[in-house]
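Residue numbers (our numbering), protein chains in the order written: chain A, 306 to 689; chain B, 169 to 670; chain C, 12 to 329.
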Amino acid sequence: MRKPAFRLTAVAVIAVAGLVTAGCAGGTTGGGAATDSALASGDLTGLNFAFAIPTSAAEVYVNQADTFVKQAEELGATVTVYDNAGDAATMLSNADLMVAAAPDVIIEFPSVADATTRVGQKFTDAGIPCIAVNVPVEGCPLFNFDQPYLSGLGATAMAEQMATRGWDASNTTVVIGQASELGASVNIAATAFYAALSEKVPGMTKVSSDDIQPTTTVITPDQGLQGDLGLTIDSGYDATLTALQTIPKDRNVVIYTVSDDTTVGVLRALDNQGRTAQAMVSGYGGSTDALSNIRNGDVWVTEQMGFFAYWGEFLLSMAAATAAGADIPDLTSPPMVILEKDNVDTFFEPGTDTLTEMPELPDSSKYLYDTGILQKFGNIAGAE
Amino acid sequence: MELRGIGKRYGTNQVLQEIDLELVPGRCIGLVGENGAGKSTLLSIISGKTPQTQGTLTLDGQEVSFRSPRDARALGIQLIPQELAYVPHLSVAENLMMPNWPKNRWGVTQRWLRRAGADAVARLGLDIDVRRDMIDLSLAERQLVEIAKALLGDARVLILDEPTASLHARETELLLGKLRELKADGVSLIYVSHHLDESFEISDEIVVLRNGRMEDRRETTETSLGRTVGLMLGGEYEKPEATPVAAGSPTEVVLRLQGWNSELQPAIDDVSLEIRTGEVVGIFGLVGSGAETVARALGGHEKRVAGSVFVQGSAAEVPVPSTPRRAQALGIAYVPAERKTDGLALNQTISENLTLMVLGRFAGAAGWMKGRAQLAGAQALATETDVRCTSVRQDVGELSGGNQQKVLLASRLAAAPPVLVLHEPTRGVDIGSRTQIHQQLSAFARQGAAVVLVTSDVQEAIDATDRLIVMRDGRVVDELTRERKTKSLALETAAGGAVTHD
Amino acid sequence: MTDTRTFSLSRLPALATVGIFLVVVVAGFAIFAQGFWTPNNASTIVITASVIMIASLGQLLVVISGGFDLSIGGVLPLTAVVYASLTTAGVPMLAAMAVCLAVGIAVGLVHTYFIVHLKINPLITTLATMSITAGLAFTLANGQTLTVPPEAGILGDRAIGTIPWHVILMIVLVVLMHLVLAHTLLGRRIYMVGGNPEAARLAGVRVTVIGGSVYVFSGFFAAVAGIVTASQLLAASGAMGSTITMQSLAAVVLGGAALTGGRGSVPGAVIGVLLLGVIANGMSILHVPSFYQQVVTGLVLLAAVTLSRLQERARRSG
């Protein structure tokens, strides 16, 4: 008697759980394709997008998704947001849910690097157009920073700052911080930065980006180190404290990170060790902390900026172009710039982090202007 | 099977030497000895658990060496350990069939299991529903199921290590009966027990071990119980004084139980008792008689017992204590039956265990412990109760069973309670410690306390008490004193025999 | 000093072994890792270890009592975020700290209710509360990284000589907890309850009170760890402290605590925390890639527990 009753309960529980999950996911269904004429005018009425974000645990992704949803809804489209929750299993189940909901375009921002093949297959099999964001997904055109290009810009800016202060290979150690959890597509930013910097700083041994493996720790003795600084404040803090022990006190330090949270931790560690006067730091992302530090401080001097928080409108344009069947290149990039003390206020209102205008899109991405969507926001050069 | 010159050495420690035995079909060897005499080591060598360091084992004239108990089992040698090994949440049938569950395309079929299990149980003449989970059976039933399981494996040699330690008189009789049948079927038995009377009853030959040596080996009919005990204990055996009757009889009622009832199994029905200072009162009953419920309830270990308690010196009656703390407030200290699970923290030191109930005595302001005073106190207690240890900072788990039991008893005596309740205090304890414990109880009672000894061991019930209350089916059926306090009358009464004396 | 707890014959060897191992590791790094054997690096190790040490104190109490607390990894970010929000909103620092400690204690009381009174497995209960508290931390911070005003970071910034306040706080807490565990009634009873709760109950120990109090302690220490983290970093986010649960468990086990309860000590936990910290620091200085560091840390943990098991076996059979 007891066991059948138990089984019945179990079945009921599973059924209810299934219904709840389906109910949450199936918020929006239906909709139709926008016509070509509507596209040019930036009208997205009736279009339906699915947007999977890597995790709701970090400020940047949430902001990005919020912007995307707000802007899409202003133009008449509907959006369902999925949270990949930072792990591969959730990402896969979200892919199934998105396919089942059959939106016009799927925008996939993977939570885990290099675990995306299956996800891409699901989209391809279902015949739903997709856009990969930041991390490549097989079968989907990618929207991302052009990492080597942006890191090249960053290295140029840093090399100039070093020259101004008289820092070169003889008195300076460069530390690049990877985030081991992110994989190659992000960490190439760090290695490309080092490679470009080694070309420009007098006396530095030239190294190519490919020569720096994830397990490399000493790139060139005395001159260059690589460390796992992670993605969070506490990991950046702890790792920097230790790294500084191996660098003699009389040497200057340049530290490059791939996330602003990490950079905040790096600054605290430099402060703790009393080495801020001999250090320069490059961040990545353009957070509030970054802007105020670049405006007011002398340590955090350069910031690689791909206007990540404003990707919403580019993704929206790219999604509209995809829905309209336009020809999409393999890599589409946002506007990219290096923020420094003297140019911050050309892009942001002085003293705030309110955007005034982004620089123009790179050539390969100029097709995004054609959708007529960017013009509606009036926050980017070249869209008049 | 033959054993020749078997010995075992651990490092420089020779725990067993020069053991010669022949196991003959249809014969039973009664293996006796104090704890630590080498019985367990000998058993693990025979059953393949540990290899011998000297001597040879031969089976059917061929020398054998076992690498594991599995090898021994394959040759028909089955050991039934004192601590049973079963899967608590599987059914009796599943446990019985464990080593060789029959499988078909869909795995194990429940119907087959049930039928085969029922057969096995029936063969031993047991009445157990094989669908019940092992954990739901009584200890005695679990023991019998394990024996049934061993027999299923076509045992030629069956080794029983303290099989009756948790059995009550009726089941013991049943078990011995079954063993006799097995002997008649040509199974060779080794019977290890502290209960010498059982060994004498079942065995054809008595082997006495002492300090790892074979002290004596003789046909059962050619030796006697008294002689065997003498050999086991060597010179240090002194017969416990026959009946330690109270000198002057101080009979103040310290505790009165009034109308205790419980629906719980084992149920009790309107139990009323008086416990007086200066005496050791025994409560004796077979399993299910309710004696254990009374013991547990006295210790505050049983929540759903209705009834009341009068305590000496207080006017009002109070309900049955529902927590150990309430029992203590009534002046009752309780020594639980299961030393390892309920009594001691084995991975703590002797000192901590000894002083557990009186920690407050060694604490100053703000709960600050006086470590030195505590150690000294523990040392004094250990000396007083003859706990044999190298230091009171040793873990209790490192002591032998008898010494552990002494620690448990001493921890209760430390609080000097007006009433001491003991539940099966000498189960699995060697005879030397057992005698010591009985003497301590007697001495404690003489100092003016009341001791309640709840036991299912009839020998203990007779030897260690001044007055014996016999319970059956949840009721007090008789009270035996002086010349009526005999083993046979106690057993008979507990088992349902004649009571009518007035 | 007669102290049955830390100097008992059976316990000393295990602790001594790990201690000797620590000395060997330190000596090894001192010889081979340049920049390791400096006062500055020593202070680095202590600074990075102080949060783990504080959290491990709570974990230790719970482990000795026979349970364990996974929720530390959630309570730490939650209290850090609460601290950041309150101080940013202008609440005085001490009041903000009090609120954080209250949050930690409240989580402990919730554990007490579920684990001790409803007898729900501590693994399940604290797994659930870890998820809840971490989720609340993200919710409260709105998924963002909050900043802590510099004047509220004095625990991390101010120092007496070269010793930061939070390190002094850590040392004070360590000494206090050692005294509580080794020299008070409460400590003795925690060991007894962990050794055998049923035996303790039958002997009249209030097992529910003792068994519950350890979770309150643990919540309290997790909250202190959260405040210290926020003060050290002048920032707080839900993503903080993701490894603190496992690190604290590893540290107390390295220090001789048994997950079955009844064993463990504060000096042991200190050695455990230091060992983990020294290994991570030394290998970073030797420029060992972080992947290998994880492997080595795991191996050390396995080796330590294997060793203590072998020793115990030798003691029992000898």
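Note that CB positions come from ideal geometry on N, CA and C, so glycine has one too.
Practice item. Alpha carbon to alpha carbon, how far is L344 (chain B) from S656 (chain B)? Give it in angstroms, no decimals. Key: On the second sequence, position 488 is the one that residue 656 (chain B) refers to. On the second sequence, position 176 is the one that residue 344 (chain B) refers to. For S656 (chain B) and L344 (chain B), the distance between alpha carbons rounds to 18 Å.
Check your understanding: In whole angstroms, what is the alpha-carbon distance linking L270 (chain C) and I75 (chain C)?
Key -> For the purposes of this step, residue 270 (chain C) is taken as the residue at position 259 of the third sequence. For the purposes of this step, residue 75 (chain C) is taken as the residue at position 64 of the third sequence. The alpha-carbon atoms of L270 (chain C) and I75 (chain C) are separated by roughly 8 Å.
Practice item. Look at the alpha carbon of H298 (chain C) and the alpha carbon of V424 (chain A), and state the distance between them as a whole number of angstroms. Key: On the third sequence, position 287 is the one that residue 298 (chain C) refers to. On the first sequence, position 119 is the one that residue 424 (chain A) refers to. Distance between the alpha carbons of H298 (chain C) and V424 (chain A) is about 36 Å.
Practice item. Inspect the beta-carbon positions of L549 (chain B) and A578 (chain B) and report whether they are closer than 8 Å. Key: Here residue 549 (chain B) refers to the residue found at position 381 of the second sequence. Here residue 578 (chain B) refers to the residue found at position 410 of the second sequence. Cβ distance < 8 Å, so L549 (chain B) and A578 (chain B) count as in contact.
Check your understanding: What is the DSSP secondary structure of A246 (chain C), reduced to helix, strand or coil?
Key -> Along the third sequence, one-based indexing puts residue 246 (chain C) at 235. Residue state, collapsed to three classes: strand.
Review point. Buried or exposed: D594 (chain A), going by 16 or more other Cβ atoms within 10 Å of its Cβ?
Key: Here the question's residue 594 (chain A) lines up with position 289 in the first sequence. Flag for D594 (chain A) reads buried.
Point to revise | Close Cβ partners of S669 (chain A) (< 6 Å) along its chain, the five nearest in sequence each way excluded | key: For the purposes of this step, residue 669 (chain A) is identified with residue 364 of the first sequence, where counting begins at 1. Result list for S669 (chain A): P634, in chain order.
Point to revise | chain B residues whose Cβ lies nearer than 9 Å to that of M203 (chain C) | key: Numbered from its first residue, the third sequence carries residue 203 (chain C) at position 192. Simply A513, Q516, E520, N521, L524 and L527.
Exercise for review: Tell me, to the nearest whole angstrom, how far the beta carbon of G642 (chain B) is from that of G458 (chain B); I am working on the premise that it is less than 8 Å.
Suggested key: Counting from 1 along the second sequence, the entry for residue 642 (chain B) is found at position 474. Counting from 1 along the second sequence, the entry for residue 458 (chain B) is found at position 290. Yes, they are in contact, since the Cβ atoms of G642 (chain B) and G458 (chain B) sit about 4 Å apart, within 8 Å.
Review point. Taking the alpha carbon of L138 (chain C) as the point to measure from, which residue in C:G69, C:V36 and C:S82 has its own alpha carbon closest?
Key: The count along the third sequence starts at 1 and reaches residue 138 (chain C) at position 127. Checked all of C:G69, C:V36 and C:S82; the closest Cα to L138 (chain C) is C:S82.
Practice item. Consult DSSP for H591 (chain B) and reduce its assignment to one of helix, strand or coil. Key: The residue labelled residue 591 (chain B) in the question sits at position 423 within the second sequence. Reduced to three states, the DSSP call for H591 (chain B) is strand.
Review point. Taking Cβ-Cβ distances shorter than 8 Å, what residues in chain A pair up with M251 (chain C)?
Key: Within the third sequence, numbered from 1, the residue matching residue 251 (chain C) stands at position 240. Correct list: T537, I538 and D539.
Review point. Can you give, in chain order, each stretch of the beta strand (DSSP E) that sits fully within the region 469–531 of chain A and has at least 3 residues?
Key: 477–483 and 523–525
Practice item. Just tell me which of C:L192, C:N207 and C:G237 has its CA closest to the CA of Y94 (chain C). Key: Counting from 1 along the third sequence, the entry for residue 94 (chain C) is found at position 83. Considering only alpha carbons, the answer is C:G237.
Practice item. Report the rounded CA-to-CA distance for E651 (chain B) versus M400 (chain B), giving the unit in angstroms. Key: As a working note, residue 651 (chain B) is residue 483 in the second sequence. As a working note, residue 400 (chain B) is residue 232 in the second sequence. Distance between the alpha carbons of E651 (chain B) and M400 (chain B) is about 30 Å.
Exercise for review: Use the C-beta contact count for F43 (chain C): other C-beta atoms within 10 angstroms, 16 or more gives buried, fewer gives exposed.
Suggested key: By one-based count along the third sequence, residue 43 (chain C) stands at place 32. When all chains shown are included, F43 (chain C) counts as exposed.
Point to revise | Residue environment, L264 (chain B), which counts as buried when at least 16 other CB atoms sit within 10 Å | key: Position 96 of the second sequence, counted from the first residue, corresponds to residue 264 (chain B). L264 (chain B) is buried by the Cβ-count criterion.
Exercise for review: Compare the C-beta of R493 (chain B) with all C-beta atoms of chain E and state if any pair is closer than 8 Å.
Suggested key: Structure shown: chain E not included; protein chains present are A, B and C.
Review point. Applying a beta-carbon distance threshold of less than 7 Å, which residues of chain C neighbour P504 (chain B)?
Key: Taking the first residue of the second sequence as position 1, residue 504 (chain B) is located at position 336. Correct list: L213.
Check your understanding: What beta strand (DSSP E) runs, 3 residues minimum, are completely inside the region 417–502 of chain B?
Key -> 421–430, 436–444, 448–452, 474–479 and 485–487
Practice item. Could you spell out where the alpha helix (DSSP H) holding L546 (chain A) opens and where it closes? Key: Taking the first sequence and counting its residues from 1, one reaches residue 546 (chain A) at position 241. I538 to Q550 is the span of the alpha helix (DSSP H), which, as asked, contains L546 (chain A).
**Study point:** Extent of the continuous beta strand (DSSP E) to which T383 (chain A) belongs
**Key:** On the first sequence, residue 383 (chain A) is found 78 positions in, with the first residue counted as 1. Taken as a continuous stretch (DSSP letters only), the beta strand (DSSP E) holding T383 (chain A) covers T383 to D388.
Exercise for review: Please classify C435 (chain A): does DSSP put it in a helix, a strand, or coil?
Suggested key: On the first sequence, residue 435 (chain A) is found 130 positions in, with the first residue counted as 1. DSSP places C435 (chain A) in strand when its eight states are reduced to three.
Practice item. Put L302 (chain B) into one of helix, strand or coil per three-state DSSP. Key: Here residue 302 (chain B) refers to the residue found at position 134 when the second sequence is read from its first residue. Position check: residue 302 (chain B) holds Met in this sequence, whereas Leu was assumed. Reduced to three states, the DSSP call for M302 (chain B) is helix.
Practice item. May I have a chain-ordered list of the alpha helix (DSSP H) segments no shorter than 4 residues that lie completely inside the region 306–387 of chain B? Key: 307–320, 337–352 and 364–370
**Study point:** Which residues DSSP lists as bridging D646 (chain B), in chain order
**Key:** Taking the first residue of the second sequence as 1, we reach residue 646 (chain B) at position 478. Beta-bridge pairing links D646 (chain B) to B:V638.
**Study point:** L81 (chain C) - DSSP class collapsed to helix/strand/coil
**Key:** Position 70 of the third sequence, counted from the first residue, corresponds to residue 81 (chain C). Correct three-state label for L81 (chain C): coil.
**Study point:** Residue from C:T240, C:R200 and C:V289 whose Cα sits closest to the Cα of V35 (chain C)
**Key:** Reading the third sequence from its first residue, position 24 is the one you call residue 35 (chain C). V35 (chain C) has its Cα closest to that of C:V289, out of C:T240, C:R200 and C:V289.
Review point. At a Cβ threshold of 8 Å, is H591 (chain B) touching chain C?
Key: Taking the second sequence and counting its residues from 1, the one referred to as residue 591 (chain B) is at position 423. Cβ-Cβ to chain C under 8 Å: no for H591 (chain B).
Point to revise | Short CB-CB distance (under 8 Å) between G293 (chain C) and chain B | key: Translated into positions along the third sequence, residue 293 (chain C) becomes position 282. Answer no: the Cβ-Cβ gap between G293 (chain C) and chain B never drops below 8 Å.
Check your understanding: With a cut-off of 8 Å, does the C-beta of L196 (chain C) fall near any C-beta of chain B?
Key -> Counting from one through the third sequence, the residue named residue 196 (chain C) turns up at place 185. Judged by the 8 Å Cβ criterion, L196 (chain C) is in contact with chain B.
Check your understanding: Quick one: is N52 (chain C) buried, meaning 16 or more other Cβ sit within 10 Å of its Cβ, or exposed?
Key -> As a position in the third sequence, residue 52 (chain C) is number 41, starting the count at 1. Buried, by the Cβ-count rule.
Check your understanding: Taking any Cβ of chain C, which residues in the region 577–592 of chain A have a Cβ under 8 Å from it, in chain order?
Key -> N577, Q578 and S592
Practice item. Look at the alpha carbon of L157 (chain C) and the alpha carbon of Q572 (chain B), and state the distance between them as a whole number of angstroms. Key: For the purposes of this step, residue 157 (chain C) is taken as the residue at position 146 of the third sequence. For the purposes of this step, residue 572 (chain B) is taken as the residue at position 404 of the second sequence. Their backbone Cα atoms lie some 58 Å apart in a straight line.
Check your understanding: In chain order, what residues of the region 527–546 of chain B put their CB closer than 8 Å to some CB of chain C?
Key -> L527, G528, A531, A534, G535, W536, M537, G539, R540, Q542 and L543
Exercise for review: Give me whichever residues DSSP pairs with S587 (chain A) in a beta bridge.
Suggested key: As a working mapping, residue 587 (chain A) is identified with position 282 in the first sequence. Looking at the DSSP assignment, S587 (chain A) forms a beta bridge with A:Y561 and A:T607.
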